[in-house]
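For reference, the structure discussed in these notes is given below.
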Amino acid sequence: GELLDAVYLYDKYGTPIAYDFWCHLRKMLDWVAKNWERADDGIWEVRGGRQQFVYSKVQCWVALDRAVRLAQKRSLPLDRTRLAAERDRIYEAIMTRGWNTKRQTFVQHFATDAVDASNLIMPLVFFLSPTDPRMRGTLDRTMAELVSDSLVHRYEIGRGAGDGLTGSEGTFNMCTFWLVEALARAGRAREARFIFEKMLTYANHLGLYAEETGPRGEALGNFPQAFTHIGLISAAFNLDRRLGAAS
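Counting from 410, one number per residue, gives the positions in the sequence shown under our numbering.
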């Protein structure tokens, strides 16, 4: 999903992709279409066994969606009917098996009711409208269960897929920036700005971030963390657009 989204954006804003490269991508897309129903370890690579993680399904959807769009735009050869059908099957699976009516949120994987911050990417990759009632519910549930002093934890420890680790962990900076962007896209720019400006205070003297932020504001994990800074840039760009439109 990340790769095909990058290719789609490169083709749109950079240079049209070459035919030979497209042929290579088609092999990957064929694999996705045939294997998206397989369980995996998810974005967090938890040690509790493979599951049907919602985030992974979303990324498979992104891969097929961008391919179909790109083939249509550039008239590139592709079995669009088959891939579009698989894309739609993924969408229906997420909406039926990845949604928990009782908690009014998308869940970590199909066999749990646990909340996972990775689902915040749904409106960011245009899987779902940021103002869709299900996305609003997911935003609210995420803020209720995973947010501590405006910062976001990855998932509900002890409720979803076991991570095989003892103790607790810090908040995950990339997830906090995902929350900022999701809120901004949902029209909640004031909340998004508050969290964004608070996050800026956790950077070091060079403006860099680690993977996580500890309970005392300390930098934890990989440093500097590219994921965090990608999230920062995207959140800043979209928040600025929303604030500009509001003014």
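Even glycine gets a Cβ: it sits at the ideal position worked out from N, Cα and C.
Taking all protein chains shown into account, Arg-447 has fewer than 16 neighbouring C-beta atoms within 10 Å of its C-beta and is therefore exposed. Per the coordinates, the alpha-carbon of Cys-584 lies some 11 Å from the alpha-carbon of Met-552. Taking C-beta atoms as the reference points, Val-467 and Gln-517 fail to come closer than 8 Å. Leu-609 sits in a helix when the DSSP states are folded into three classes.
The alpha helix (DSSP H) runs of length 4 or more contained entirely in the segment 453-488 are, from start to end of the chain, 463-483.
Relative to Phe-519, the option among Asp-549, Arg-459, Arg-563 whose CA is nearest is Arg-459. Residue nearest to Leu-560 within the set His-614, Pro-624, Leu-533 is Pro-624 (criterion: CA-CA distance).
One thing to note: Gly-579 has its Cβ within 8 Å of the Cβ of Glu-621. Looking only at Asn-613, Val-455, Leu-588, the smallest Cα-Cα distance to Gly-640 is reached by Leu-588. Out of Leu-629, Asp-474, Ala-523, Asp-450, the CA that lies nearest to the CA of Ser-577 is found in Leu-629. Note on Leu-548: 16 or more other CB atoms within 10 angstroms of its CB, so buried under the neighbour-count rule. In the DSSP assignment, Met-583 falls within the unbroken alpha helix (DSSP H) covering 582-594.
A residue is called buried once 16 or more other Cβ atoms fall within 10 Å of its Cβ, and Arg-496 is buried on that count.
Spatial neighbours of His-433 in its own chain (CB-CB distance under 8 Å, excluding positions within 5 residues in sequence) are not present. Under the three-state reduction of DSSP, Asp-649 is assigned to helix.
Closest option to Asn-444, judged by alpha-carbon separation, among Ala-427, Ser-484, Arg-475, Leu-492: Leu-492.
When Gly-596, Val-455, Cys-469 are compared, the shortest CA-CA separation from Asp-414 is found for Cys-469.
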